[in-house]
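Asker: The structure is given below, and queries will be raised subsequently.
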Amino acid sequence: MPTPRLEINYCTQCRWLLRAAWLAQEVLTTFELEMGEVALIPGTGGVLDIRLNGELIFSRKEAGRFPEAKELKQLIRDIIAPDKPLGHSDRK
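This is how it looks when you write it as structure tokens:
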């Protein structure tokens with residue numbers, strides 16, 4: 003089974019590289035054994051889309067906001083490691 007691949011497509015015009023890199027770091031730290039790859043993909047037009055194995059799991063334009071790290075970890079966990087506890091990031 004291939005290892006999961008996360009893509010974070012971020013807007014270079016908006017200078018969102020640091021935000022995208024921080025989200026990537028959070029994901030890699032939490033899913034160090036489960037995640038195979040995290041890619042940062044430069045884009046334009048205010049984009050901040052996050053895809054897991056090619057499937058869109060979060061869009062800043064659709065949500066009207068940025069994802070919280072906790073929220074992103076929960077979305078990823080529910081897909082790739084449903085039994086993994088997230089400690090303080092878990093749902094209440």
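Numbering (the numbering used here) for the sequence shown: 3 to 94.
Even for Gly, the Cβ is constructed at its ideal location relative to N, Cα and C.
Taking a contact to mean a Cβ-Cβ separation below 8 Å, would you say residue 71 touches residue 28 in this structure?
Answerer: In contact: residue 71 and residue 28 (Cβ atoms closer than 8 Å).
Asker: Roughly how far, in whole angstroms, is the beta-carbon of residue 52 from the beta-carbon of residue 69, given that I think they are within contact range, below 8 Å?
Answerer: 7 Å
Asker: Pick helix, strand or coil for residue 67, following the three-state DSSP scheme.
Answerer: coil
Asker: Can you tell which of 92, 4, 86 and 9 has its C-alpha closest to the C-alpha of residue 50?
Answerer: 9
Asker: Just to confirm the assignment: which complete alpha helix (DSSP H) runs, minimum length 4, are found wholly within the stretch 6-68?
Answerer: Runs found: 19-32 and 62-65.
Asker: Please report the Cβ distance between residue 2 and residue 59, rounded to the nearest whole angstrom; I am assuming they are in contact, meaning their Cβ atoms lie under 8 Å.
Answerer: Residue 2 is absent from the structure shown; the chain starts at 3 and stops at 94.
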